[in-house]
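Student:
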């Protein structure tokens, strides 16, 4: 039964999903986040998600921002596997932006794997939400 749950947890079908929100860091600095969600074990960004991310970026004045790519995973598969998966997710997002002609000198990558979860990894809903890449726009100093 545990093996079946493990397999289902890895490959549970998650519809293509992209979300966006605004925030303010501890120093009062505003930022914008666009999240790309993945199926378990996947680092593939489908066409629908790509279109959503590019539309989001097209709506911004990117000369005013640094782009940070923060990748996350759930804990299924162990540390070494999730470090690799986190890197592959951020690399997929980076390559997508590179192919689309974005200025790569303002893009920074941070791989979190499963050690910095925003959502509870003890629930399947939390694990679904932690399988993501956040594209964070940080304003450049004025």
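Numbering (our numbering), first residue to last: 6 to 147. All C-beta atoms, glycine included, are put in the ideal place defined by N, C-alpha and C.
(1) Assess contact between the stretch 45-56 and the stretch 113-124, defined as three or more Cβ pairs (one per stretch) separated by less than 8 Å. Is contact present?
(2) For residue 28, which beta-bridge partners are listed by DSSP?
(3) Quick one, are the C-beta atoms of residue 35 and residue 144 less than 8 Å apart?
(4) So, with DSSP's three-state summary, where would you put residue 63?
(5) Report yes if the CB atom of residue 75 is closer than 8 Å to the CB atom of residue 138, and no otherwise.
(6) Looking at C-alpha atoms only, which residue of 58, 97, 108, 93 is the closest neighbour of residue 118?
(7) Residue range of the beta strand (DSSP E) that residue 1 falls in?
(8) State the start and end residues of the unbroken alpha helix (DSSP H) segment that holds residue 86.
(9) So, with DSSP's three-state summary, where would you put residue 71?
(10) With DSSP collapsed to three states, give me the class of residue 132.
(11) Using the beta-carbon count (16 or more within 10 Å), is residue 134 buried or exposed?
(12) Taking the continuous beta strand (DSSP E) assigned at residue 137, which residues delimit it?
Tutor: Let me spell this out:
(1) No contact exists between the stretch 45-56 and the stretch 113-124.
(2) Residue pairing by DSSP places residue 28 opposite 36 in a beta bridge.
(3) The Cβ atoms of residue 35 and residue 144 sit closer than 8 Å to each other.
(4) Helix at residue 63.
(5) Annotated as proximal: residue 75 and residue 138, with beta-carbon spacing under 8 Å.
(6) Among 58, 97, 108, 93, the Cα nearest to that of residue 118 is on 93.
(7) Residue 1 lies beyond the residue range present for the chain, which begins at 6 and ends at 147; the question has no answer from this structure.
(8) Start and end: 84-104.
(9) Residue 71: strand per DSSP, three-state reduction.
(10) If DSSP states are grouped into helix, strand and coil, residue 132 belongs with the helices.
(11) By the 16-neighbour rule on beta-carbons within 10 angstroms, residue 134 is buried.
(12) Counting along the chain, the beta strand (DSSP E) containing residue 137 begins and ends at 137-144.
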